[in-house]
Amino acid sequence: MKTLQPYFLVCLLCITCATLAAQSRALCNPNATPATQQVYQILCNQYGHKTISGTVARVDWNIDEAEHVHAWTGQYPALNVFDFINIHASKDVNPNGWLDYSDMSVVTDWWNNGGLVGCMWHWQVRANNGVNYTCSPGNEPGETDFDPACIQDPQSDDYRQLLHDIDQVAGYLKTMQEKGIVVIWRPLHEASGNTFEYDGGKAWFWWGAKGGEAFKALWRFLYNRMVHHHGLNNLIWVWNSQMGDNSWYPGDDVVDVVARDSYYALQYPLYKEFIQLQKDYPTKLIALAECGTGDEVNMSLFTDIWQQGSRWSWLMTWYDYHCDRATGEHQFAGRDWWVNAMQSGYMIDRTQMQQLLQSAAL
Amino acid sequence: MKQYILFFFALISCMSMAVERTILIGPKTIGRGWKDNIVLEARHFATAKAGDILTVYYDQAKRTAQGAFQDPDTWKGIAPQYNYFSLNGPFQLLITDTLLPVLQTRGVAISGHDYRILQATLTDKEDWQETIVWRGPSVQMSSDWSVNAELPGSCFRDLRLGDGLRLHISRAKDDATTKLMDVTWNAIEPAAEGIPVGGDQHTYYLRDEAALIRIALGGTGMNTALRIGGKNYRLDKVGIVRFVGEYSEDLSQAQRAPKEYILQPDELFHGEKAFPLDWRGNLRVSAEKLQNATENDVLIISYQSFPADEMNGRPPVISFRENRGSWPDLSGSQEPNWIPLDGNDIVLTFDSLSLDKVKTRGFVICGMGFTLTRVQIIRAE
Chain A
0 MKTLQPYFLV CLLCITCATL AAQSRALCNP NATPATQQVY QILCNQYGHK TISGTVARVD
60 WNIDEAEHVH AWTGQYPALN VFDFINIHAS KDVNPNGWLD YSDMSVVTDW WNNGGLVGCM
120 WHWQVRANNG VNYTCSPGNE PGETDFDPAC IQDPQSDDYR QLLHDIDQVA GYLKTMQEKG
180 IVVIWRPLHE ASGNTFEYDG GKAWFWWGAK GGEAFKALWR FLYNRMVHHH GLNNLIWVWN
240 SQMGDNSWYP GDDVVDVVAR DSYYALQYPL YKEFIQLQKD YPTKLIALAE CGTGDEVNMS
300 LFTDIWQQGS RWSWLMTWYD YHCDRATGEH QFAGRDWWVN AMQSGYMIDR TQMQQLLQSA
360 AL
Chain B
0 MKQYILFFFA LISCMSMAVE RTILIGPKTI GRGWKDNIVL EARHFATAKA GDILTVYYDQ
60 AKRTAQGAFQ DPDTWKGIAP QYNYFSLNGP FQLLITDTLL PVLQTRGVAI SGHDYRILQA
120 TLTDKEDWQE TIVWRGPSVQ MSSDWSVNAE LPGSCFRDLR LGDGLRLHIS RAKDDATTKL
180 MDVTWNAIEP AAEGIPVGGD QHTYYLRDEA ALIRIALGGT GMNTALRIGG KNYRLDKVGI
240 VRFVGEYSED LSQAQRAPKE YILQPDELFH GEKAFPLDWR GNLRVSAEKL QNATENDVLI
300 ISYQSFPADE MNGRPPVISF RENRGSWPDL SGSQEPNWIP LDGNDIVLTF DSLSLDKVKT
360 RGFVICGMGF TLTRVQIIRA E
């Protein structure tokens with residue numbers, strides 16, 4: 000017993016730390032709806048024990064990728080993430096549009112079947128040529144010089160567009176709130192780009208192009224507009240960390256989850272990044288918001304990722320526009336990867352999520 | 000009569016010269032991550048002329064594979080339209096007056112990702128027959144992709160599998176892109192979704208029967224059979240081109256790709272990778288096979304030094320770098336640690352720091368004066 004004492008003390012310390020961390024985790028929005036709090040509680044309860052499986056829509060407003068996973072494994076992922084990338088082409092605001100974000104049936108069906116709903120936003124603004132829409136900052140005709148610091152100048156055109164776009168998206172999120180749908184919300188992602196990875200690195204989206212302070216101010220502007228002006232209390236706010244960009248963190252009071260994207264998704268570097276994020280943001284859940292096979296390497300199997308020790312709250316594989324479901328080939332995560340993940344015993348699918356939601360009376 | 004006979008023989012002689020000549024024999028794997036290429040030597044283009052065509056045949060292409068023709072001096076596209084393009088069958092470089100001096104001086108690098116080159120050939124421009132099937136009026140493709148030219152089915156009565164649709168264009172901007180659509184506005188095949196175009200023409204080869212059928216849906220009359228859209232160029236004419244030459248069996252002048260081997264589980268590289276005297280050679284090794292490496296493992300690097308008479312008195316050297324940023328030395332030193340090569344294999348050991356680096360991002364081999372033949376990891380029991 001005497002020899003076991005140090006181990007006992009260490010275990011006790013770990014349990015105490017874990018308990019304290021869990022207790023200190025709370026949604027940043029104190030007025031979050033009960034459903035939002037319960038979904039967040041489910042995320043917290045599963046964190047470290049199992050990873051929640053996720054897919055992203057094929058570009059914008061569908062569950063095509065989730066259908067691939069279902070065809071390959073017989074199981075749906077637990078989370079489907081939609082992208083507001085094409086709001087300018089939504090039929091409710093554009094008679095010539097090709098999709099309709101105001102038609103919520105795909106989201107509602109997913110939620111009613113026990114799936115978690117995520118939303119992200121490749122926020123496209125007018126390109127410099129006045130015709131196209133883009134996220135890419137720059138002075139070329141196809142890029143945009145849209146200034147994230149326009150929030151300081153309410154008379155500017157950029158400010159008016161900014162507000163217009165936020166309010167349009169807020170409208171869709173409000174409809175979801177009215178339907179009781181909780182949204183894992185990841186706006187303004189990958190803001191710092193590769194600024195801190197090497198000399199000459201830079202932001203690749205306009206919302207990061209003017210540096211960390213402008214980005215943080217924009218994040219808070221967005222948060223205030225959505226939460227306090229529009230009364231959106233169904234959002235779990237996810238901030239996307241890039242390598243070495245702690246100074247871009249908007250703050251504990253406006254962030255619920257810290258996420259990382261990786262297309263060099265090997266088990267060892269993923270583990271290192273996970274541990275570093277846990278250390279940097281001890282009171283936040285840590286998620287792998289985007290992942291998949293990249294230019295240089297195949298993504299590690301999920302069992303290897305798990306075995307190495309990175310226990311992401313959820314992960315979401317990216318979409319392959321031309322995926323051939325029959326062959327199982329996929330640019331980012333194909334049939335073999337998903338079969339391994341779903342059979343690992345450490346991944347939550349939609350059926351399991353439905354049970355968790357039902358047990359929380361949702 | 001004698002004149003006729005002479006003319007006849009002259010004609011036969013010309014026809015027999017009209018051949019497709021192999022200048023590169025593969026296979027050469029162009030793997031992932033834009034790190035592989037092969038430079039076609041300048042000598043192949045010594046007698047080439049504007050209008051001749053370089054064709055690259057390949058297999059094992061992934062759906063997302065892309066090709067590129069690069070200037071070996073800058074490693075950028077030899078012309079904007081050759082920076083990158085999707086693969087839909089053998090791909091080609093049209094030799095122009097502008098490109099000819101580059102090819103005759105430096106050759107051209109075939110690059111891209113996710114396919115395997117089988118061979119490359121050169122054909123005379125006379126071997127290609129073109130029939131103009133659409134003469135406009137010219138259509139200016141605006142930057143918002145909203146404009147397209149509608150070509151009736153009558154243009155394509157004689158279209159066959161293997162033929163090329165040659166788009167004669169003008170006013171092409173650097174980001175000019177074309178899209179070939181059927182009558183229902185869908186791309187005739189995924190590779191036709193967005194094709195970079197430049198110069199004054201682009202030829203799109205129909206290698207897929209499904210694409211041919213999509214065009215045939217428009218019939219052979221005046222109904223629209225093909226829509227040609229895109230952005231930032233003007234479409235002036237469309238022709239159908241067909242190869243009418245013959246294939247030469249003579250491989251005596253062909254360049255042979257370096258040997259390739261199927262990698263064994265303990266091999267990170269196996270082949271022939273030259274590190275020339277101009278320091279141009281490097282090899283990036285990803286972290287994928289190093290995920291379970293330990294400090295007790297070692298890397299064995301095998302090579303063959305260049306002959307001494309090619310070295311101008313300089314010793315061959317090698318260095319190992321981090322695969323990030325400006326490739327700092329794996330040892331942690333600011334300056335590259337150049338290891339002289341004495342002919343024996345290099346044995347690379349790890350400490351905790353270097354092991355962490357290679358497991359995180361892999362590493363890069365740099366140097367000059369040798370041909371790398373193998374990189375192997377020996378795992379400690």
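Chains A and B supply the protein sequences, listed in that same order. With the first letter of the first sequence counted as 1, position 345 gets the number 344 in numbering that gives the first Met the number 0; the numbers rise by one all the way through. With the first letter of the second sequence counted as 1, position 27 gets the number 26 in numbering that gives the first Met the number 0; the numbers rise by one all the way through. Just so it is clear, CB atoms sit at the ideal spot from N, CA and C, and this is done for glycine as well.
Between the alpha carbons of Asn-128(A) and Val-374(B) lies a gap of roughly 50 Å. Listed along chain A are Asp-294 and Glu-295, each with a C-beta nearer than 7 Å to that of Arg-31(B). C-alpha of Val-38(B) to C-alpha of Asp-344(B): approximately 27 Å in a straight line. Short of 6 Å from the beta carbon of Ser-343(A), and not among the five residues preceding or following it, lie these beta carbons of its own chain, in chain order: Phe-301 and Thr-302.
Scanning its chain for C-beta atoms nearer than 7 Å, with the 5 sequence neighbours on each side dropped, one finds around Leu-121(B) the residues Arg-20, Ile-22, His-43, Ala-47, Asp-51 and Leu-53, in chain order. Taking the Cα of Gly-218(B) as reference, the smallest distance to any Cα among Arg-378(B), Tyr-56(B), Cys-154(B) and Ile-364(B) is reached at Cys-154(B).
Boundaries of the alpha helix (DSSP H) harbouring Val-357(B): 351 to 360, taken from the DSSP string.
Chain A has a Cβ within less than 8 Å of the Cβ of Thr-359(B).
The segment 86 to 93 of chain B and the segment 24 to 38 of chain B do not touch, with fewer than 3 CB-CB distances between them shorter than 8 Å. 8 Å or more divides the Cβ of Ile-183(A) from the Cβ of Gly-230(A). Each residue's CA atom was taken as its position, placing Val-55(B) and Ala-273(B) some 22 Å apart.
For Trp-238(A), the enclosing beta strand (DSSP E) starts and ends at 234 to 240.
DSSP, read as helix, strand or coil, puts Asn-111(A) in helix. In chain order, Ala-286, Glu-287 and Gln-290 make up the part of chain B whose C-beta sits under 7 Å from the C-beta of Leu-265(A). The Cβ neighbour count for Val-357(B), taken over all protein chains shown within 10 Å, is at least 16; the residue is labelled buried.
In the structure shown, the three-state DSSP call for His-163(A) is helix.
Where Cys-290(A) is concerned, the enclosing beta strand (DSSP E) starts and stops at 284 to 290. Rounded to whole angstroms, Ser-52(A) and Ile-41(A) show a C-alpha spacing of 14 Å.
The beta carbon of Asp-350(B) does not come within 8 Å of any beta carbon belonging to chain A, so the residue lies off that interface. Within the DSSP bridge table, the entry for Trp-313(A) names Ile-51(A) as partners. Short of 7 Å from the beta carbon of Tyr-260(B), and not among the five residues preceding or following it, lie these beta carbons of its own chain, in chain order: His-269 and Gly-270.
Against His-321(A), the close residues of chain B are Arg-62 and Pro-189, in the order they occur along the chain (beta-carbon pairs closer than 7 Å). Judged by beta-carbon spacing, Leu-356(A) lies beyond the 8 Å limit of Ile-304(A), meaning their Cβ atoms are not closer than that value. For a Cβ distance threshold of 8 Å, nothing in chain A lies close to Asp-58(B): the least Cβ distance comes to about 16 Å.
Within the same chain, Cys-290 and Met-298 come within 6 Å of Ala-264(A) by CB-CB distance, once the 5 residues on both sides are set aside. The alpha-carbon of Glu-64(A) is positioned some 11 Å away from that of Phe-331(A). For the segment 115 to 145 of chain A, residues whose beta-carbon sits nearer than 8 Å to a beta-carbon of chain B comprise Asn-128, Val-130, Asn-131, Pro-140 and Gly-141.
The straight-line gap separating the alpha-carbon atoms of Ala-210(B) and Arg-226(B) is approximately 13 Å. Straight through space, the alpha carbons of Asp-328(B) and Glu-334(B) are spaced by roughly 7 Å. In this structure, DSSP gives Cys-365(B) an extended state, which the three-state scheme calls strand. The closest CA to that of Ile-317(B), considering only Asp-308(B), Ala-307(B), Gly-324(B) and Asn-336(B), is found on Asn-336(B). The residues Pro-195, Val-196 and Gly-197, in chain order, have a CB closer than 6 Å to that of Gln-80(B) in the same chain once the five nearest residues on each side in sequence are set aside. For Lys-215(A), no beta strand (DSSP E) run applies; the uninterrupted alpha helix (DSSP H) run containing it begins and ends at 211 to 222, by DSSP.
Inter-segment contact for the segment 98 to 111 of chain A and the segment 133 to 147 of chain A is absent: fewer than three beta-carbon pairs are separated by less than 8 Å. The Cβ atoms of Ile-86(A) and Val-58(A) do not sit closer than 8 Å to each other. Taking every protein chain shown into account, the CB of Pro-264(B) has fewer than 16 other CB atoms within 10 angstroms, so this residue is exposed.
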